[in-house]
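Visitor:
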Amino acid sequence: MVQFINGTEIFTEEGTTVLKAARNAGIHIPTLCYLEGINDVASCRLCVVEAEGEDALLTACSTPVREGMEIHTDSPRVISARRAALKLILASHEANCFICPKNGDCELQAVCREYGIEPEQYGRKSAPEKTRRFHPFLTYRPELCIHCERCVSTCEKATGRKAIGRGRAGLAAIIETPFGEGWDTSLCESCGNCAQNCPTGAIIERRRTKYRAWEVTKVRTTCPHCAVGCQMNLVVKDGRVVDVEGADGPSNRGLLCVKGRSGSFDFIDSPERIRTPLIKNPETGAFEPADWDTALDLVAEKFTAIRNTYGGEALAGFACSRSTNEDIYMLQKMVRTAFNSNNTDNCARV
Amino acid sequence: MTNTIRDITTESDVILLIGSNPEEAHPVLGMQLRQAVERGAKLIVADPRDIDLAARANIHLKLRPGTNVAFANGMMHIILAEGLEDRAFIENRTENFEALREMVKDYTPERTAAICGIDPIRLIEAARLYATAERAPILYCLGVTEHSTGTEGVMSLSNLAMLCGKLGRPGCGVNPIRGQNNVQGACDMGADPEKFPGYQKLTDPAVMEKFEKAWGKTLNHTPGIKATDCFPKMQTGEIKGLLIFGEDPVRTDPNTAHVIKSLPSLDFLVVDELFLTETAKLADVILPGRSYAEKEGTFSNTERRVQRVRKAVEIAGETRPDTWIFTEIMRRMGYAQPHLTPAQIMEEISSLTPSFGGISHARLDSEEVGGRGLQWPCPAPDHPGTPILHVGKFARGLGYFRPAAYKPSTELPDEAYPLLLMTGRILYHYNACAMTDKTEGICEIAGGSFIEMHTKDAARLHVEDGEMVAISSRRGRITAQARVSEKTREGECWMPFHYMDGANWLTIDALDSISSTPEYKVCAIRVEKLTEETKHNV
């Protein structure tokens, strides 16, 4: 099919949305509520475009392209509608960015900057509602919520858990998150995919307050827990991992579980880590710190003596199913070459 | 897995999930299975407990634990009786079919249902649903393998898939959901008493010659001993020296008392660890290694997908990369192993392992791969990897039916120990918790051990939900909080295996006759109400 976006001719497949067609052609249309494959409620109205021959503006995320359609994504009418939509959103958003943990990482803030809307002018001024602090990992601040429903759709369609709901308080639509009192009997699995997809600071992992967006670097890696092999970014501040975010890997498609997101970094620099070789004093039974040379010489001497006296079969080496391929390869090579034994195995059986 | 997570969750019509609770053990796969059900895929759950996915299933067969072989044979009996098998697949791609037909003849729906403790009508429905689906994967986990007949359980499921021609296509296959992040890799990398990397057999003279030449050393040609078989040999003095890398058998192996007796029998125990685990406490020397965030390397996931692990931080202290530690031990024991980077080690792996021939760190980091990893077999640098196995042809040529007869578990409930105990994983913890229990919030949510028991069993013992009870087997005695419900079947209990004062004091070290995997899933126990007196005896 052929359409024209801002006068440029574009070919697309039937059924494609205007948003997708534009993005494929490298044309920017802002969005807040839209999440591909997950949320298409078309409620934020930031993606509006003008189509020739149509009276009303169309939401690009929910409108399929039609043959010969002529679309304008940056006409004065479109810009003005987007500015109006932002002002409406800001009217219910406590725009106190200075203290918000998502400052610099907030999609609402970014799009306001793009359209020259100053939150101080339009943002809600009422006293902030009390943040509920019950859930061990997640918090919800309704005064930051823009009702985009990304969290609702993420919990419903991406994780399939349906722990976050849509509700009403009088005339107003509200998001019902299970992070308050009684969280421990809710359906919430603490996976935090809702927080990852929240465009503002409304739903955050509690630890998000400990770093600012510009203080961190991100390192792509593979989750160390189960064998799904989720891809994730370790968020590093001052040489410490302070958070984890899901990355779009082939087996996880952006999702993580509570172990990957919240249970894969506190242990790294834990005070309980062993940080120096330890040799057990045979008399007292207590471990005493040693330098590497002393420890390794002792290991080599003892193992060599056993090998030379009883043969390699008297030695064994077990590998860890949680370590890297390279580590495991070298361990079995050590057993086969230096121990002269084939007594090597891993914990796959147990 | 023969297939990928993506194709089995997005391209399947029916999903047969057996002995697996992915919502807790593999949560991100669990999420995608929920999506599959929402999309309209039909779900058959064969599991002894009412796991959450059972509530979404079209059919839940609440099998008696340890009866998977009978279940699979019963399914095949029905499929053959109703002529639902894939004749063309059987004729063109398999052999030994007649032996299978003979074996499953006796597994009538009535007999199978009696063995498994299920309704024969539901079994027939399940067999029809699976066999008539255009695309249907079998997914299984430790509920199939952790039995004294675990290998037979796996073979029977493979027989079922071959019988219905559900192999070598998207949305199909026989898919073990592997446990740890790199258990697939640990097997691939030759941490195995009988096989070099890439499952190359020690007993193959050409393979042995290749490794001896590459490593410049005459190697020991006698196959080694499996880890689980090593423990008795420590007590008899046949094994005198052991290096354990990052494992905690005191907590994770069955029959804890037996393990605690075996390790001190060694002349010398070395442990390479992050933490002072229960196993490390028994060591003569502890060497401080590094965690996944402190080194470069790769993990292989359950889809055989090799993906990168990258160094993000260094911690204070004298820890060393584990490859450096092993290299130093080799050098000091007289083998001149040069120090190599993880990327160089992967080059050596790919030069010696045909299925890894096209895998390198450079390629995994390239734009071509785009962060999607490479699935072995990947024999050459221009090979795209293999998402689905057995397309058009099995690795051995024809698929071989290996019929297996049902055999009961080693230790079944009796008068002295009248309840059956299964063990498993919960959402919030990973195995021995060495990593997960360092996160405060996780301990807040899931801090202590518990035992799930059936309402009727609890009523007989006058045990209330939430009450502490004493649990004993022939091997040990512990206490835990009772969770009373109808999640398990009457006469059956379930415990997580994560906690130190936990289930493995009770479990039996009966091993699978072929793979030597312990029978974690079935042992006999007794549950007792704690009285004022007995409270202090535990």
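Chains as they are written, first to last, in the working numbering: chain A, 1 to 350; chain B, 351 to 888. A virtual CB, placed ideally from N, CA and C, is assigned to each residue, including glycine.
Chain A beta carbons: is any one of them nearer than 8 Å to that of S701(B)?
Guide: Here the question's residue 701(B) lines up with position 351 in the second sequence. It does not: the Cβ of S701(B) has no partner Cβ on chain A nearer than 8 Å.
Visitor: Straight-line CA distance for L492(B) to A85(A)?
Guide: As a working mapping, residue 492(B) is identified with position 142 in the second sequence. As a working mapping, residue 85(A) is identified with position 85 in the first sequence. In a straight line, the C-alpha of L492(B) is about 53 Å away from that of A85(A).
Visitor: For the beta strand (DSSP E) containing L619(B), list its first residue and its last residue.
Guide: Working through the second sequence from its first residue, we reach residue 619(B) at position 269. Element bounds for L619(B): 618-623.
Visitor: Once the 5 residues before and after F439(B) are set aside, which same chain residues still bring their CB inside 6 Å of it?
Guide: Stepping through the second sequence from its first residue, residue 439(B) is reached at position 89. Contacts found: G515.
Visitor: Taking 8 Å as the CB-CB cut-off, is A541(B) touching chain D?
Guide: Checking the listed chains, one finds no chain D in this structure; the protein chains it contains are A and B.
Visitor: Using the C-alpha atoms, what's the distance from I146(A) back to T691(B)?
Guide: Position 341 of the second sequence, counted from the start, is the residue given in the question as residue 691(B). Position 146 of the first sequence, counted from the start, is the residue given in the question as residue 146(A). Cα to Cα, T691(B) sits roughly 49 Å from I146(A).
Visitor: With 16 as the cutoff for other CB atoms within 10 Å, does A686(B) come out buried or exposed?
Guide: As a working note, residue 686(B) is residue 336 in the second sequence. With fewer than 16 other Cβ atoms within 10 Å, it is exposed.
Visitor: Is D327(A) close to chain B, meaning its C-beta is less than 8 Å from at least one C-beta of that chain?
Guide: The sequence position of residue 327(A) within the first sequence is 327, counting from 1. True, the Cβ-Cβ gap to chain B drops below 8 Å.
Visitor: Jot down the residue ranges of each uninterrupted alpha helix (DSSP H) in the segment 792-822 of chain B, minimum 4 residues, whole runs only, in chain order.
Guide: 805-810
Visitor: Cβ atoms of A463(B) and C522(B): under 8 Å apart, would you say?
Guide: Mapped onto the second sequence, residue 522(B) falls at position 172. Mapped onto the second sequence, residue 463(B) falls at position 113. Taking 8 Å as the Cβ cut-off, C522(B) and A463(B) do not qualify as a contacting pair.
Visitor: Does the beta-carbon distance from T553(B) to E562(B) come in below 8 Å?
Guide: By 1-based counting over the second sequence, the position of residue 553(B) is 203. By 1-based counting over the second sequence, the position of residue 562(B) is 212. Not closer than 8 Å, so no.
Visitor: Does G160(A) get closer than 8 Å to chain B when you measure Cβ to Cβ?
Guide: Within the first sequence, residue 160(A) is the residue found at index 160, counting from 1. Answer yes: the Cβ-Cβ gap between G160(A) and chain B drops below 8 Å somewhere.
Visitor: Assuming T829(B) contacts M330(A) under a Cβ cut-off of 8 Å, what Cβ separation, rounded to an integer in Å, is found between them?
Guide: Reading the second sequence from its first residue, position 479 is the one you call residue 829(B). Reading the first sequence from its first residue, position 330 is the one you call residue 330(A). That belief does not hold up - the Cβ atoms of T829(B) and M330(A) are roughly 42 Å apart, past 8 Å.
Visitor: Whose CA, out of E373(B), L379(B), D363(B), E374(B), lies closest to the CA of M351(B)?
Guide: Against the second sequence, residue 351(B) aligns to sequence position 1. Nearest C-alpha to M351(B): L379(B).
Visitor: Is C145(A) close to chain B, meaning its C-beta is less than 8 Å from at least one C-beta of that chain?
Guide: Working through the first sequence from its first residue, we reach residue 145(A) at position 145. Output row for C145(A): interface = no.
Visitor: Under 8 Å between beta-carbons, which chain A residues line up against K837(B)? List them in chain order, please.
Guide: By 1-based counting over the second sequence, the position of residue 837(B) is 487. Per Cβ cutoff of 8 Å: no residues; K837(B) is ~16 Å from chain A at best.
Visitor: For G246(A), report the span of its beta strand (DSSP E) as first-last.
Guide: Position 246 of the first sequence, counted from the first residue, corresponds to residue 246(A). It spans 240-246 - the beta strand (DSSP E) in which G246(A) sits, taken as one unbroken run.
Visitor: Look at the alpha carbon of A305(A) and the alpha carbon of L593(B), and state the distance between them as a whole number of angstroms.
Guide: Here residue 305(A) refers to the residue found at position 305 of the first sequence. Here residue 593(B) refers to the residue found at position 243 of the second sequence. Their Cα atoms are separated by approximately 15 Å.
Visitor: Quick check: what's the CA-CA separation for E149(A) versus G747(B)?
Guide: Along the first sequence, read from residue 1 onward, the residue named residue 149(A) stands at position 149. Along the second sequence, read from residue 1 onward, the residue named residue 747(B) stands at position 397. Between E149(A) and G747(B), the C-alpha separation is close to 52 Å.
Visitor: Throw me the rounded Cβ distance for the D357(B) and P520(B) pair, which I believe falls under 8 Å.
Guide: Reading the second sequence from its first residue, position 7 is the one you call residue 357(B). Reading the second sequence from its first residue, position 170 is the one you call residue 520(B). 4 Å between Cβ atoms; contact.
Visitor: Run through chain A and tell me which residues come within less than 9 Å of D634(B), C-beta to C-beta.
Guide: Residue 634(B) sits at position 284 when you count from the first residue of the second sequence. By Cβ distance, chain A contributes I279, K280, P282, L298, V299, K302.
Visitor: Quick check on A784(B): buried or exposed, where buried means 16 or more other Cβ atoms within 10 Å of its Cβ?
Guide: As a working note, residue 784(B) is residue 434 in the second sequence. Under this definition A784(B) is a buried residue.
Visitor: How would you list, in chain order, the residues of chain B whose beta-carbon sits under 9 Å from the beta-carbon of V219(A)?
Guide: Numbered from 1 along the first sequence, position 219 holds the residue referred to as residue 219(A). Taking a Cβ-Cβ cut-off of 9 Å, the neighbours of V219(A) in chain B comprise A643, R660, K661, A662, V663, given in sequence order.
Visitor: Hey, is N651(B)'s beta-carbon within less than 8 Å of any beta-carbon in chain A?
Guide: The residue labelled residue 651(B) in the question sits at position 301 within the second sequence. So yes, N651(B) belongs to the interface.
Visitor: Just reading off the alpha helix (DSSP H) that E373(B) is part of, what are its end residues?
Guide: As a first step, residue 373(B) must be located in the second sequence, where it is residue number 23. Residues 372-375.
Visitor: Whose C-alpha, out of I204(A), D184(A), P142(A), is nearest the C-alpha of R166(A)?
Guide: Your numbering for residue 166(A) matches position 166 in the first sequence. When only C-alpha atoms are compared, the closest one is P142(A).
Visitor: Among residues of its own chain, excluding the 5 on either side of F339(A), which ones have a beta-carbon nearer than 7 Å to its beta-carbon?
Guide: Along the first sequence, read from residue 1 onward, the residue named residue 339(A) stands at position 339. Excluding sequence neighbours, F339(A) sits near F303, R307, G312, L315, G317.
Visitor: How would you list, in chain order, the residues of chain A whose beta-carbon sits under 7 Å from the beta-carbon of V378(B)?
Guide: Within the second sequence, the letter at position 28 stands for residue 378(B). Residues of chain A passing the Cβ test: V228, C230, N252, L255, L256, C257.
Visitor: Select from the segment 307-324 of chain A all residues with a C-beta closer than 8 Å to any C-beta belonging to chain B, and list them in chain order.
Guide: So the list reads R307, Y310, G312, E313, A314, L315, A316, G317, F318, A319, C320, S321, R322, S323, T324, given in the order they occur along the chain.
Visitor: Please name the residue or residues paired with G749(B) in a DSSP beta bridge.
Guide: In the second sequence, the residue the question calls residue 749(B) occupies position 399. DSSP lists T444(B) as partners of G749(B).
Visitor: Grab me the residues of A195(A)'s own chain with a C-beta within less than 7 Å of its C-beta, minus the 5 sequence neighbours each way, in chain order.
Guide: Residue numbering aside, residue 195(A) sits at position 195 when the first sequence is read from its first letter. Result list for A195(A): L138, I203, I204, E205, in chain order.
Visitor: Which residues in chain A have a C-beta closer than 8 Å to the C-beta of W565(B)? List them in chain order.
Guide: As a working note, residue 565(B) is residue 215 in the second sequence. What W565(B) touches in chain A: K333, R336, T337.
Visitor: Report back the beta-carbon spacing between E623(B) and I274(A) to the nearest angstrom; my notes put them in contact at under 8 Å.
Guide: As a working note, residue 623(B) is residue 273 in the second sequence. As a working note, residue 274(A) is residue 274 in the first sequence. Contact between E623(B) and I274(A) holds, since their C-beta atoms are separated by about 6 Å, short of 8 Å.
Visitor: Please give me, in chain order, every unbroken run of the alpha helix (DSSP H) with length at least 4 that falls completely inside the segment 248-330 of chain A.
Guide: 258-262, 292-310
Visitor: Can you give me, in chain order, the residues of the segment 28-45 of chain A that have a beta carbon less than 9 Å from any beta carbon in chain B?
Guide: Answer in chain order: no residues at all.
Visitor: What are the residues that DSSP puts in a beta bridge with F744(B)?
Guide: Taking the first residue of the second sequence as position 1, residue 744(B) is located at position 394. Per DSSP, G747(B).
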